[in-house]
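Trainee: In UniProt numbering, the protein residues as written are 1 to 317. Note that the Cβ used here is the ideal one computed from N, Cα and C, for glycine as well. Fair warning: this is a prediction, and the values are worked out from it, not measured in the lab.
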Ligand code: MF3
Ligand code: CO
Ligand code: CO
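1) Considering only the alpha carbon of each residue, which of 51, 283, 190 and 231 lies closest to residue 119?
2) According to DSSP, what are the bridge partners of residue 195?
3) Decide if residue 41 is buried, meaning its Cβ has at least 16 other Cβ atoms within 10 Å, or exposed.
4) Quick check on residue 56: buried or exposed, where buried means 16 or more other Cβ atoms within 10 Å of its Cβ?
5) May I have the straight-line CA-CA distance separating residue 311 from residue 166, to the nearest angstrom?
6) Suppose contacts are defined by Cβ-Cβ distances below 9 Å. Is residue 313 in contact with residue 304 by that definition?
7) How about residue 231 and residue 296: are their beta carbons less than 9 Å apart?
8) Ignoring anything shorter than 4 residues, give me the alpha helix (DSSP H) runs that lie fully in the segment 168 to 239, in order along the chain.
9) Taking only the alpha-carbon atoms, compute the straight-line gap between residue 243 and residue 65 and give it to the nearest angstrom.
10) For residue 67, which of helix, strand or coil comes out of DSSP?
11) For residue 75 and residue 198, I'd like the C-alpha separation in whole angstroms.
12) Any chance the segment 149 to 161 sits against the segment 179 to 191, with 3 or more Cβ pairs inside 8 Å?
13) Give the straight-line distance between the Cα atoms of residue 309 and residue 107, rounded to the nearest whole angstrom.
14) First and last residue of the beta strand (DSSP E) that includes residue 302?
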C-alpha cells in the first residue's frame, strides 16, 4: 500500500477523536503523547471592526500567495512598517504562549489572540487567507502545521505550536513557537529544544551574498546529526504587503540559485520531526499531520537582511 493509500485508510477509520495508539510506522523511540486523528469543533468566525485595514483576501476568496518571482527589496519606509508588525506579532505570540496550559482549548487561545490583535488595530492574517477560518494556527503533537483552533482541551504532555501573523499598516509579520504543556516527556522536550536551536542557527548564517540554499543545507546536516527529519512540504517565504511571496526558503538540502540581499524580508520556519518526513492533510483541508503519527515542532521568525547580517523583525523584547 502506498503512503497516501495508507493515509486515506487511516482517515477512513474515523474512530474516536483522539487516542494513544501509534499509527505504527514511526521508527525508533518517538516518546509518549496523545495523537490527534481528526479535527474538533470549530467556533463561528470572529468579527473584525470596520475601521481595521484588511488584506484583499478578506473581501474575496483568493488562492494562496505565489512564492515565484524575484524577492522584493524593501525601502526604508517599508522596513519601518515591517518592524512594527513584526514586533506586534512577537508580543502577541508571547502572550498566547502563557495560555498554553492544561485544560485550555485552542479556541480560547484563538479568541484571546484575535482580541489582542484587533485591540492593537491590526488584522489577524490567517483569517480568511485561502479560506482559513481562524485567526492563528495551533498545531499539537503529530500535527505538523496549519492546525485549526477548536474545542480540544490541551492535555498534560502536549507540545503546541502557535503561529501568529498580523497585518498592520499594510504589512504582515509572521512568527511561531512551540510551547510545552505541563510535563512533556524527554523526546518531546528534546525535539522542541533542538528545533528552536535549528532556527537560531539558520538565522545566524544569513547575510548579504549568502545563498538561500545555505539554510536548507544547514538544516539537513543538523537533522542528520540529531536523528531528526525536516518536513519538506512546508517552506519559508518572502513577506511584506503580501503574506507569502518570493523567495521560497526550502528547509532541506537543495542547490537552487539565489542570494540574500540587504532589504529582503522573509521567514525561516523549519518543522522537524521525530519520525518520518511525510504528511497528509485532514478532511478540513488544512490540518497537516504526520503519516506515521510522530510529533514535530516548528519555530518561525520574519527576518530582514541588513548591510551586515540580519535583523529579526519578530524578535520578542
Ligand atoms: N503563518 C503560516 C506561515 O508561517 C501560514 C498560515 S496560513 C493559514 O506561513 F491560512 F493557515 F493561516
Ligand atoms: Co510563515
Ligand atoms: Co507563520
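Mentor: If we stick to the structure as given:
1) 51
2) None, per the DSSP bridge assignment.
3) exposed
4) exposed
5) 18 Å
6) yes
7) yes
8) 186 to 204 and 213 to 226
9) 7 Å
10) coil
11) 30 Å
12) yes
13) 38 Å
14) 301 to 305
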